[in-house]
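Novice: Take a look at this one; I'll ask things after.
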Ligand SMILES: Nc1ncnc2c1ncn2[C@@H]1O[C@H](COP(=O)(O)O)[C@@H](O)[C@H]1O
Ligand SMILES: Nc1ncnc2c1ncn2[C@@H]1O[C@H](COP(=O)(O)O)[C@@H](O)[C@H]1O
Ligand SMILES: Nc1ncnc2c1ncn2[C@@H]1O[C@H](COP(=O)(O)O)[C@@H](O)[C@H]1O
Ligand code: NA
Ligand code: NA
Ligand code: NA
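Protein chains in written order, with my numbering: chain L, 857 to 1204; chain V, 857 to 1204; chain G, 857 to 1204; chain U, 36 to 140; chain H, 36 to 140; chain C, 36 to 140.
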């Protein structure tokens, strides 16, 4: 009797797993992933193809402005009360990822504590390109999410960076035996909001909220979104490969952390998102995006912030980890994984 | 009896005014203005968001090529005789603005005559971005204008620059007591037409006139117009703020002039355009654009021309005036004003 | 009796010629040609209009990615066996053009043999912008061609460059009386494929073949194709004029060769393509594109390859020839000629 | 015109700290400086210009300061090295130059 | 190879007058010059590179001329300063350099 | 800090051969180099920056190498000139500089 139940259970688990794996597989046909992998392959083959710097910056601007505008326009008649719980989760996750990451990394052999803190900081922070890729993939499959979800970005990004800088200062003060430098969170918040990525996102949000940008959104920012994302993915792929040799100079444990952390963070966020789904009706698409945000690691605005605030940390370690391993894993494995998981869990 | 008439008149005036103000208010929802103000706000907040130089230049090219192509295609079967009177008004206005401006500015305390001449020259000349913003706002509201109206641009721009250079040479010759340098208008005209802005506009006109660019116009230049304008507005806003501190080094009277002159010029042009409307049937949309052209102050091609031709004039004065005050006023106040006025006058 | 037949024949020939010329004439209304000529005219007039370097590079990327993606998507269910004969023709033509060109040029007075070899090499190689212009013109007229035809590009380009480098080394070895340097074709092939142009084309092909980029293709790469081509044509026109004075420093015979060679190569390729049409049903559109590829001369990736591999050849000679004369002739005369010829021959 | 000796301080470092370095330069009393974009290779690896600078702030800049006051030049070079080059990549060196208008520097 | 003394004239000024300056340089008999983009700060305020140069011609360029003829070098520096630096922002200075192939300069 | 004499080798040549030149520099034992984009005019005509570089590899770069070893500096200059300047456009020259931390170069 017990054996039969066990057998049936196994079979059901098996079915679910196969179902899940086949869903995962179809996710890999997305052109976003293809451009990312194409970029890696080109760079690995020594191709001279380069996306000009001005075009790359323009792509980032276009994507964030588009995400912001849409958010702003739809937030107009949204119930922002719903945003409270997910925003709180985002803040908590951002802080927790950095704290856990700091002690995990510092415990690994060959990892200097400052470098570990900075790396954990980037993995707590958020990648705009990963978020944009997830948005396109959700739209391709007509998965609904609340318009304010992309606006969770700063709620996770900024706390993560602040915590990282704080931990670094505590550590350095302890090391030098002297007094620790004052960290002024307000200054870091202001500095973050002034960065080009968050500036574009917030400008879009405000314009979407207060003005009537429907025509320029529908005629320009929205239709070009997918195309500029493909170019950004290509650039991130090329960059991932080019930064790989920085990783060769640091401990191998960074690679291990960077490959596992995005998925661990994403899955934890998925779980917390699921709780929000049960409690407040947070949409399945929102749960996926929350997981993507948590699983992503900052590659544009985080590094300069940390380089300026934790100068003694070695950028080869944290940039290599985030750009060369973290982002490709977060995009190529993470996004398909969360979508497939949501299909299995929510029956999308 | 007289009192009642007076009262009724007052009431009608009042109604008209309220009507006008409410129309003016709705104009402010245009995303073009929003992006301009957004740019100012970002720069004021110290944001690091920057539009790459190559993208900015590309935006300007796209807008002028699009304006030129449309003009060229529609001019094919236009009655160009109609253009004569407005073109003459444009030439006269361009010269008059500079001459009046020169004496107005020179009479103000703390203004060096050369600097005043150069400033008046820029306010007589034309801003391509302001013109593009007006075109989009007219299209948003389906206001008709003759296709050749944007081609009035050089008819006001070039005479204004020539007069400014002429006045400067006369002044400098008088100052030095020596002979004045020869001004060769033909050389200045050629130089102006060779500038990147007018070159793009003219190339578009010629291509629109002589070839069949309908498909590339409808599939590329036209649909992207609105979007690239939004980016240009953002850039102009950022630039306006960044140039403000140049104004701090010069007399405050520049600010006063730059805030009043655009509207004064625009309203005078509106009046002259109205006369052309009565005499030759010049369209209300054309009257608006004529006012916009007159009210705009050159910010791309004018400054280098004047810097080269009037080297002793202080660029902080004239560029600060035009870019930081003139252009924002011309776009944010001028355009809505002329449209609202046309609605009141022509009952659009 | 004989006279009457002769007369009738003459009349038919005459009719065909008039028909052909009138078809040729309508080809000239294409905006692609207009932008090319516009660029030449602007540069000749001393205009300061410039397309920023980043935008130019982006245009090239967009065009080649679009050509590649479409090719890749349609190749999926193509019969690639059909490609064999045209590909073989492409290889043979690429080699033959260089060999014949080398001896032709070396026989002309004032031409150094190395310079002649490098020039012939560029004319054997392929111009991506010319190919893109032809594709747009065929689409404008709804002329069908097999999706794999643009992929013939590397089959002519790479052999031509290899043969040129080989001939140069043989010549230099003979000159120095010493041993000739080893040419490693594999290295040259790898180097060519790594160039930015072929990299983009191949990446597009692979992505089109293996993933599902339909939406990004239809929403971005395809609709923007025509527009970016117009900007590329403008740039090539400006460049053609700017490089003209390099030609002034070398023998006039380069101009003669560069004006005749593109058409000669194109017509020979048309003939060979016609044979493939008869033998294997190669489409008329394919025949036109084959002629365009053969008639085009490399202007982006060929020059650096030759400069690196044949350092003693004078770049003024070969770049001037290809960019200033070869490309304009290939686009403005060649493409219309082959289309008109195909209309006459195949009755499109 | 007669010519005068002056000193040029050259600093090649990360763009990220440009603002801090120019502040230091201004504080040292220099009348101006010139900035050029730069890439390079040094003990901390290669820094490229041109290609998509995903992290723009990490490319190099070259800052040149001309001053008639040799002491100030030394001070700038020493202070920049001390304050920044432990943690940021960078080099600094001095050159002798000849200027025309000593009041300008 | 043996080395020879030569002089390098450096001119940092507004892009707007680049053509005029290079004409002056060529007229002075120099065999060449090198141009690099530059930003900077001086008595006439800050000039940035990189960000959208709405008025492109106002950013700086750095022009370097190497010549074996010290007189020509002095002449170039003096004339540029005289002709342009009253109205345009700019500085000029000279450096001693060592060249390899004196016929080139 | 005390200062030390060192030599700066400057090479201005075509971007196309940048990789080969830096390889030669590294082989000569230099600890680093700095690269700036450049345009210019010389015996082989004008090379522009900025405008659409249809053939990008033909614009110029300026490469600067600082080394405490005067012999190495001479060797770099001589070898670059010998190996490349017959066929590629370019110049090279040396300058004396003063460095702060001799172990770095
Ligand atoms: N020996 C050198 N010669 C010229 N430039 C150097 C040298 N060493 C370092 N640099 C420049 O200084 C930057 C920082 O050097 P480093 O701190 O050693 O990585 C490098 O990226 C180069 O641009
Ligand atoms: N002391 C200095 N050191 C280095 N560069 C300077 C100095 N003074 C001026 N410059 C450069 O020369 C340009 C014009 O200077 P000015 O005419 O003083 O505004 C500035 O933008 C700087 O690039
Ligand atoms: N006399 C010179 N002064 C400064 N730079 C020069 C000089 N001659 C040549 N150059 C630079 O070196 C490059 C190559 O010179 P060339 O090989 O003579 O064409 C030129 O494009 C200039 O950038
Ligand atoms: Na994260
Ligand atoms: Na005006
Ligand atoms: Na060919």
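Glycine is no exception: its CB is placed at the ideal position from the N, C-alpha and C atoms.
Would you say residue 910/G reaches chain L, if we count a Cβ-Cβ gap shorter than 7 Å as a contact?
Specialist: yes
Novice: For the stretch 907-914 of chain G against the stretch 1080-1099 of chain G, are there 3 or more C-beta pairs whose distance is under 8 Å?
Specialist: yes
Novice: Strictly under 7 Å for the Cβ-Cβ distance: is residue 54/C near chain U by that measure?
Specialist: no
Novice: Which residues have their C-beta within less than 7 Å of a heavy atom of ligand 3, listed in chain order?
Specialist: 65/H, 66/H, 67/H, 68/H, 69/H, 99/H, 100/H, 101/H, 102/H, 139/H, 140/H, 47/C, 48/C, 73/C, 74/C, 75/C, 76/C, 77/C, 78/C, 79/C, 80/C, 82/C, 95/C, 120/C, 124/C, 125/C, 126/C
Novice: Scan the stretch 983-1060 of chain G and note each continuous alpha helix (DSSP H) run of 4 residues or more that stays entirely inside, going in chain order.
Specialist: The stretch 983-1060 of chain G contains these whole alpha helix (DSSP H) runs: 984-996, 1009-1032, 1041-1050.
Novice: Can you find a C-beta in chain V that's less than 7 Å from the C-beta of residue 916/L?
Specialist: no
Novice: Would you kindly work out how many angstroms separate the C-alpha atoms of residue 972/G and residue 962/G, rounded to a whole number?
Specialist: 6 Å
Novice: Could you check if residue 975/G is buried or exposed, using at least 16 other CB atoms within 10 Å of its CB as the buried criterion?
Specialist: buried
Novice: Is residue 919/L close to chain V? Criterion is C-beta to C-beta, closer than 7 Å.
Specialist: With respect to chain V, the C-beta atom of residue 919/L has no partner C-beta closer than 7 Å.
Novice: Determine, for residue 983/V, whether the minimum Cβ-Cβ distance to residues of chain H falls below 7 Å.
Specialist: no
Novice: What did DSSP end up calling residue 64/H once you bin it into helix, strand or coil?
Specialist: coil
Novice: Taking the C-alpha atoms as reference points, what is the distance between residue 1119/G and residue 899/G?
Specialist: About 25 Å.
Novice: Distance cutoff 7 Å, beta carbons only. Does residue 1063/G sit that close to anything in chain L?
Specialist: Closer than 7 Å to some Cβ of chain L, the Cβ of residue 1063/G qualifies, so yes.
Novice: Quick check: the Cα distance between residue 1175/V and residue 1181/V, rounded to an integer number of angstroms?
Specialist: 9 Å
Novice: Would you grab the beta carbon distance between residue 52/U and residue 120/U for me? Rounded to a whole angstrom, and I think it's under 8 Å.
Specialist: Incorrect: roughly 10 Å between the Cβ atoms, too far for contact.
Novice: Cβ of residue 1150/V versus every heavy atom of ligand 5: is any distance shorter than 6 Å?
Specialist: yes
Novice: Hey, is residue 1168/G's beta-carbon within less than 7 Å of any beta-carbon in chain C?
Specialist: yes
Novice: Quick one: complete alpha helix (DSSP H) runs, 4+ long, within the stretch 1124-1193 of chain G?
Specialist: 1140-1151, 1158-1165, 1171-1175
Novice: For chain V, check one thing: does any of its Cβ atoms lie closer than 7 Å to the Cβ of residue 86/H?
Specialist: Low confidence applies here, because residue 86/H scores a pLDDT of 48, under 50, leaving its location unreliable; read the following figure in that light. Taking Cβ atoms only, chain V reaches closer than 7 Å to residue 86/H, which makes this a yes.
Novice: From the DSSP secondary-structure annotation, give me the bridge partner or partners of residue 105/H.
Specialist: Per DSSP, none; premise fails for residue 105/H.
Novice: On the premise that residue 1183/L lies in contact with residue 1096/L, defined as a C-beta separation below 8 Å, what is that separation, rounded to the nearest angstrom?
Specialist: 6 Å
Novice: With 16 as the cutoff for other CB atoms within 10 Å, does residue 939/V come out buried or exposed?
Specialist: With 16 or more other Cβ atoms within 10 Å, it is buried.
Novice: If we count the other Cβ atoms within 10 Å of its Cβ and call it buried at 16 or more, is residue 1135/L buried or exposed?
Specialist: exposed
Novice: For a test of your reading of the model: does the CB of residue 44/H fall under 6 Å from any non-hydrogen atom of ligand 4? Yes or no.
Specialist: no
Novice: Going by CA-CA distance only, name the one from 1198/L, 1019/L, 1057/L, 988/L that's closest to residue 1149/L.
Specialist: 988/L
Novice: Identify, in the order they occur along the chain, each residue of the same chain with its Cβ nearer than 7 Å to the Cβ of residue 984/G, setting aside the five sequence neighbours on each side.
Specialist: 916, 919, 920, 1053, 1156
Novice: Since residue 1002/G contacts residue 1142/G with CB under 8 Å, what's their CB separation in whole angstroms?
Specialist: 5 Å
Novice: What number of angstroms, rounded off, separates the C-alpha of residue 1185/G from the C-alpha of residue 980/G?
Specialist: 15 Å
Novice: Can you tell me whether residue 40/U is helix, strand or coil according to DSSP?
Specialist: strand
Novice: Which same chain residues end up closer than 8 Å to residue 110/H when comparing Cβ atoms and leaving out the 5 residues on each side of it in sequence?
Specialist: 63
Novice: With distances taken from CA atoms, which of 1168/V, 1130/V, 1115/V is nearest residue 1153/V?
Specialist: 1115/V
Novice: Let me know the secondary structure DSSP gives residue 904/G once reduced to three states.
Specialist: coil
Novice: Hey, would you say residue 70/H sits closer than 7 Å to residue 98/H, going by beta carbons?
Specialist: yes
Novice: Helix, strand or coil for residue 1065/G, going by three-state DSSP, please let me know.
Specialist: helix
Novice: So for residue 980/L, helix, strand or coil by DSSP?
Specialist: helix
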